[in-house]
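Taking full-length UniProt numbering, the leading residue of the sequence shown gets 1, the next gets one more, and so forth.
Presented below is the structure to which this report refers.
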Amino acid sequence: MVTVHDEVETKYDADADFQVPGLVELFGPLRGRDGLPDADGTPWSEGEAAQHELRAVYYDTVDLRLAASGLTLRRREGGDDGGWHLKVPVPDGARSEVRLPLEDGADAVPQQLVTMTYARTAGRPLVPVARIETQRTVRRLVDPTGRVLVEVADDRVTARRLGDAAGAGGDAADAPDGAQTWREIEVELVDGPRELLAAVDPLLRERGLVPAASASKLMRTLGVDGGSTAAPDAPRPKASSTKAAKAKKAEQEAKDAERRAARALRRGPAADVVLDAVGTHVAQIRDQDLLVRLDAPGAVHAMRVATRRLRSTLTTFEPLFHSTVTRPLTRELRRLAAVLGTARDAEVMGERLEAAVAGEEPDRRLGATVADEVSDQSAQAYREAHEGVVRALESERYRTLLDTLEALLTNPPLQDRASGPAAEVLGALVAQTFADLRTAMTEAHSATEAHERTERLHDARKAAKRARYAAEAVTPVFGKDARAFGTAMESVQEALGEHLDSVNTVAHLRELAQHTSQPSTAFTYGRLHALEELTAERSRAAADAVWSAAGKKSLRRWLL
């Protein structure tokens with residue numbers, strides 16, 4: 001059975017003779033600081049130290065695709081949590097660890113983990129790339145209730161690269177048999193607040209520890225740059241005037257380099273610009289895959305946006321490609337975006353309704369349970385939608401889509417027009433997206449029925465989004481002109497989106513009122529329904545004003 005454990009820790013490199021201080025001595029001065037526990041002066045204590053011998057084999061593709069993405073996959077024996085572990089970085093600086101028991105795989109990686117990592121491996125075999133043995137001493141800081149706040153692990157590590165990875169770069173081996181040895185200290189939160197890590201960080205540095213140069217033992221073993229592991233919110237020295245001057249000079253040099261690159265791109269083939277944008281969106285889909293499966297905050301939204309951007313880019317610049325390849329691909333992307341959209345829409349609707357209920361004055365909100373009812377209904381809708389997303393990501397159809405995207409980038413099906421100068425070819429295609437938006441807005445303003453106007457405004461929002469994404473794709477070529485145009489299109493998209501979200505909320509509130517059995521709750525839904533109708537009208541007027549400003553010729557002169 002798969003379980004998921006959230007891991008928040010900081011790692012430090014330590015000399016062989018470093019003396020780990022007592023935890024009460026180390027953490028004691030921090031008690032009572034902002035955000036840190038005090039327990040009314042009752043002392044913390046240190047639990048009995050535990051010794052563990054950990055033996056782990058790490059798996060990756062031959063070309064180390066998982067490591068390049070910051071992922072680690074291992075089979076570990078020993079300690080309190082032996083098993084198969086897949087560690088996944090998440091946006092807040094922590095890591096989620098997916099765990100399976102050892103019996104789910106002797107030496108072969110369990111199929112569940114093969115499936116979960118497919119977006120990164122593209123189906124390439126997962127083979128042993130490193131063996132790491134760790135002599136670990138674990139000490140725990142305990143509060144008066146017996147709750148473990150933090151765990152400090154003193155690790156003495158011996159690591160060896162395996163197979164083709166044995167010839168990879170990295171630190172020189174410091175043992176005759178090719179082993180690397182080092183010592184590191186891990187400070188991991190258990191039930192303590194995150195502020196505890198940031199607060200203890202300077203105290204550990206004062207005692208001679210330095211943030212680990214690698215994000216994990218595997219990254220160090222393989223010589224892959226996984227980034228530093230400094231504690232969150234660690235203090236940084238203020239920049240001197242000399243440093244500020246250097247930073248300003250570097251900024252100017254970066255701008256000059258951007259202008260030179262733009263001139264080269266303008267003369268270069270249009271395909272290079274578009275394929276670069278396509279590659280960025282494909283990479284984002286792959287990046288978000290595991291995070292969506294783990295339901296990391298914002299992951300569904302990010303993957304949906306990347307999917308829509310990719311589909312929009314392939315549609316806008318379709319004349320550069322053979323449509324027999326790209327059209328089936330855009331249909332599959334539309335399907336994936338729709339599945340992701342169901343979950344994202346449930347998430348957005350829940351947030352809007354919960355905010356609306358919370359914003360009601362208590363004397364105007366009848367029914368004490370209305371907030372709970374809204375929260376429960378929204379959570380259930382999202383859970384069901386997210387389960388549908390995970391099923392889609394585990395399907396053969398999705399894996400085929402990933403393979404097709406990789407093939408598109410490896411061997412792009414380009415038309416002759418794609419080899420033309422980017423400045424001449426791409427501007428006309430972006431101009432067409434604005435023409436489509438203008439047509440959609442005209443049709444929306446001409447609509448006489450409310451439902452028809454809503455449908456046309458929905459079409460206009462999609463057109464604004466395509467225009468925005470097209471402008472962003474060609475910004476490396478057209479610079480600030482494309483950037484300003486893209487910003488204007490984003491304003492139109494967001495204004496129309498606010499109006500349409502409000503219209504959808506009106507419909508959803510009506511449905512909720514029809515299905516509740518509590519008259520007092522129905523009354524509150526009715527009040528919110530009326531208020532949301534006013535919001536919808538105001539937001540439509542606001543969207544018209546934004547469109548009027550965004551339609552200025554000066555914003556698209558570069559397209560003419």
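We put the beta carbon where it would ideally sit given N, CA and C, even for glycine.
Between the stretch 119–132 and the stretch 149–162, can you find at least three pairs of beta-carbon atoms closer than 8 Å? yes
Does DSSP classify residue 162 as helix, strand or coil? As a position in the sequence shown, residue 162 is number 162, starting the count at 1. Coil.
With a CB to CB cut of under 6 Å and the five nearest residues on each side skipped, what residues in its chain are close to residue 169? In the sequence shown, counting from the first residue as 1, residue 169 sits at position 169. Reliability of the predicted coordinates at residue 169 is poor, the pLDDT of 48 falling under 50, and the value obtained from them is presented with this limitation in mind. Same-chain partners within the cutoff: 223.
Three or more C-beta pairs under 8 Å: does that hold for the stretch 539–555 against the stretch 509–523? They do not touch, by the three-pair rule.
Terminal residues of the beta strand (DSSP E) in which residue 131 lies: Reading the sequence shown from its first residue, position 131 is the one you call residue 131. Its beta strand (DSSP E) spans residues 127–142.
Check whether the stretch 119–129 and the stretch 188–198 touch, using three or more Cβ-Cβ pairs below 8 Å as the test. no
For residue 54, which three-state DSSP category applies? Taking the sequence shown and counting its residues from 1, the one referred to as residue 54 is at position 54. Shown here, residue 54 sits in a strand according to DSSP, grouped into three states.
Burial state of residue 248, where buried means 16 or more other Cβ atoms lie within 10 Å: In the sequence shown, counting from the first residue as 1, residue 248 sits at position 248. Looking at its Cβ environment, which holds fewer than 16 other Cβ atoms inside 10 Å, residue 248 is exposed.
Please report the straight-line C-alpha distance between residue 370 and residue 531, rounded to a whole angstrom. The residue given as residue 370 occupies position 370 in the sequence shown. The residue given as residue 531 occupies position 531 in the sequence shown. Answer to the nearest angstrom: the Cα atoms are 17 Å apart.
Beta carbon of residue 14 nearer than 9 Å to that of residue 205: Numbered from 1 along the sequence shown, position 14 holds the residue referred to as residue 14. Numbered from 1 along the sequence shown, position 205 holds the residue referred to as residue 205. Judged by their CB atoms, residue 14 and residue 205 are not nearer to each other than the 9 Å cut-off.
If I measure Cβ to Cβ from residue 305 and keep anything under 7 Å in the same chain, skipping five residues before and after, which residues do I get? Against the sequence shown, residue 305 aligns to sequence position 305. So the list is empty, once near-sequence residues are dropped.
Can you check which of these residues, 103, 493 and 12, is closest to residue 203 by C-alpha distance? Mapped onto the sequence shown, residue 203 falls at position 203. For residue 203, the nearest C-alpha among the options comes from 12.
By alpha-carbon positions, which one of 460, 278, 468 and 325 ends up nearest to residue 307? As a working note, residue 307 is residue 307 in the sequence shown. Cα-wise, what sits closest to residue 307 is 278.
Candidates 10, 265, 446 and 445: which alpha carbon is nearest residue 198's? Sequence index remark: in the sequence shown, residue 198 carries index 198 (1-based). Closest option to residue 198, judged by alpha-carbon separation, among 10, 265, 446 and 445: 10.
Please state whether DSSP places residue 269 in a helix, a strand or coil. To locate residue 269, count along the sequence shown from 1; it is residue 269. Looking at residue 269 - three-state DSSP - the assignment turns out to be strand.
Could you work out which residue in 43, 296 and 280 is closest to residue 96 when comparing CA atoms only? Taking the sequence shown and counting its residues from 1, the one referred to as residue 96 is at position 96. Distances from the CA of residue 96 to each of 43, 296 and 280 were compared; the closest alpha carbon is that of 296.
Apart from the five residues on each side of it in sequence, which residues of its chain come closer than 6 Å, Cβ to Cβ, to residue 483? Within the sequence shown, the letter at position 483 stands for residue 483. The residues are 475.
Taking only runs that begin and end inside the stretch 321–393, name each unbroken alpha helix (DSSP H) of 4 or more residues, in chain order. For the stretch 321–393, whole alpha helix (DSSP H) runs of length 4 or above, ordered along the chain, are 323–359 and 370–393.
Cβ-heavy atom distance between residue 324 and the ligand NAD below 8 Å? With respect to the ligand NAD, the structure shown offers nothing to examine, as it has no ligands at all.
Cα separation between residue 423 and residue 119? The residue you call residue 423 lines up with position 423 of the sequence shown. The residue you call residue 119 lines up with position 119 of the sequence shown. Cα to Cα, the separation comes out at about 34 Å.
Would you check if the distance between the CB atom of residue 415 and the CB atom of residue 320 is smaller than 9 Å? Mapped onto the sequence shown, residue 415 falls at position 415. Mapped onto the sequence shown, residue 320 falls at position 320. Yes. Within cutoff.
Cα-Cα separation between residue 374 and residue 387, rounded to whole angstroms: If you number the sequence shown from 1, residue 374 lands on position 374. If you number the sequence shown from 1, residue 387 lands on position 387. Cα to Cα, the separation comes out at about 20 Å.
Tell me whether the beta-carbon of residue 470 lies closer than 9 Å to the beta-carbon of residue 433. Residue mapping note: residue 470 aligns to position 470 of the sequence shown, counting from 1. Residue mapping note: residue 433 aligns to position 433 of the sequence shown, counting from 1. Yes; because the gap between Cβ atoms is below 9 Å, this pair is in contact.
Counting along the chain, where does the beta strand (DSSP E) carrying residue 96 start and finish? Here residue 96 refers to the residue found at position 96 of the sequence shown. It spans 95–100 - the beta strand (DSSP E) in which residue 96 sits, taken as one unbroken run.
Say whether the stretch 323–332 touches the stretch 287–295, bearing in mind that this needs 3 or more beta-carbon pairs closer than 8 Å, one atom from each stretch. no
Between residue 123 and residue 195, what straight-line distance do the alpha-carbon atoms span, to the nearest angstrom? The sequence position of residue 123 within the sequence shown is 123, counting from 1. The sequence position of residue 195 within the sequence shown is 195, counting from 1. Each residue's Cα considered, the two are about 40 Å apart.
Run the CB neighbour count on residue 322, radius 10 Å, all protein chains shown included, and call it buried at 16 or more, exposed below. The residue given as residue 322 occupies position 322 in the sequence shown. By the neighbour-count rule (16 or more Cβ atoms within 10 Å), residue 322 is not buried but exposed.
Between which two residues does the beta strand (DSSP E) holding residue 84 run? Taking the sequence shown and counting its residues from 1, one reaches residue 84 at position 84. Run containing residue 84: 83–89, per the beta strand (DSSP E) assignment.
With C-beta atoms as the reference, is residue 50 less than 9 Å away from residue 74? Here the question's residue 50 lines up with position 50 in the sequence shown. Here the question's residue 74 lines up with position 74 in the sequence shown. Not in contact: residue 50 and residue 74 (Cβ atoms no closer than 9 Å).
Does the Cβ of residue 502 have 16 or more other Cβ atoms within 10 Å, making it buried, or fewer, making it exposed? The sequence position of residue 502 within the sequence shown is 502, counting from 1. Classification for residue 502: buried.
Of the residues 141, 451, 301 and 106, the one placed nearest residue 47, counting alpha carbons only: For the purposes of this step, residue 47 is taken as residue 47 along the sequence shown, with counting starting at 1. The option with the nearest alpha carbon to residue 47 is 141.
Reference residue 562; option with closest CA among 29, 335 and 20: With the chain covering 1 to 560 only, the question about residue 562 has no answer from this structure.
Quick one: Cα of residue 467 to Cα of residue 146, how far? Looking up residue 467 in the sequence shown gives position 467. Looking up residue 146 in the sequence shown gives position 146. Approximately 58 Å between the Cα atoms of the pair.
9 Å Cβ cutoff met for residue 419 and residue 193: On the sequence shown, position 419 is the one that residue 419 refers to. On the sequence shown, position 193 is the one that residue 193 refers to. The answer is no: Cβ separation not under 9 Å.
Minimum C-alpha distance to residue 421 - residue among 450, 478 and 381: Taking the sequence shown and counting its residues from 1, the one referred to as residue 421 is at position 421. Comparing Cα-Cα distances from residue 421 to each of 450, 478 and 381, the minimum goes to 478.
Among the residues of its own chain, which have a CB less than 8 Å from the CB of residue 65, if the five just before and after it don't count? Residue mapping note: residue 65 aligns to position 65 of the sequence shown, counting from 1. Closer than 8 Å at Cβ, skipping near neighbours: 120, 121, 122 and 124.
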